[in-house]
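Okay, here's the thing in structure tokens:
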């Protein structure tokens, strides 16, 4: 495979089909990263901004210093963000559809 291409399963126009049923896409085609993946930057920004914010907010939350409470909250919210990304990513449906297509081609039954 050339170094400037990536192999994915989801077919679209302008791509080349391989004998294995997979498709080659040129890098930068926009099929690789979806906008929902940008949510991954939110917890990173929150963790790095906590120190600056704690410097300006001198309170305690639930008996904990602000920065510790901030990090605990964002630790939990990171799981929520990753769950949202998993739910709206769509790669599960594409993988399920390609598996079903492969089973139909092979004549396998489920």
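In my numbering, the protein residues as written are 417 to 526.
Note that CB positions come from ideal geometry on N, CA and C, so glycine has one too.
For clarity, every value in this text was computed on a predicted model and none was experimentally measured.
Q: Check each candidate in 460, 451, 453 and name the one with the smallest Cα separation from residue 489.
A: When each option's Cα is compared against that of residue 489, the closest is 460.
Q: Run through the segment 455 to 486 for me and flag every whole alpha helix (DSSP H) of 4 or more residues, listed as ranges in chain order.
A: 457 to 472, all fully within the segment 455 to 486.
(Q) Comparing C-alpha positions only, which one of 492, 469, 470, 507 sits nearest to residue 450? (A) The closest CA to that of residue 450, considering only 492, 469, 470, 507, is found on 507.
Q: For residue 477, I'd like the list of residues in its chain whose CB is within less than 7 Å of its CB, leaving aside the five on either flank, ordered along the chain.
A: Counting only Cβ-Cβ distances below 7 Å, and skipping sequence neighbours, we find 485.
Q) Does DSSP classify residue 506 as helix, strand or coil? A) Coil.
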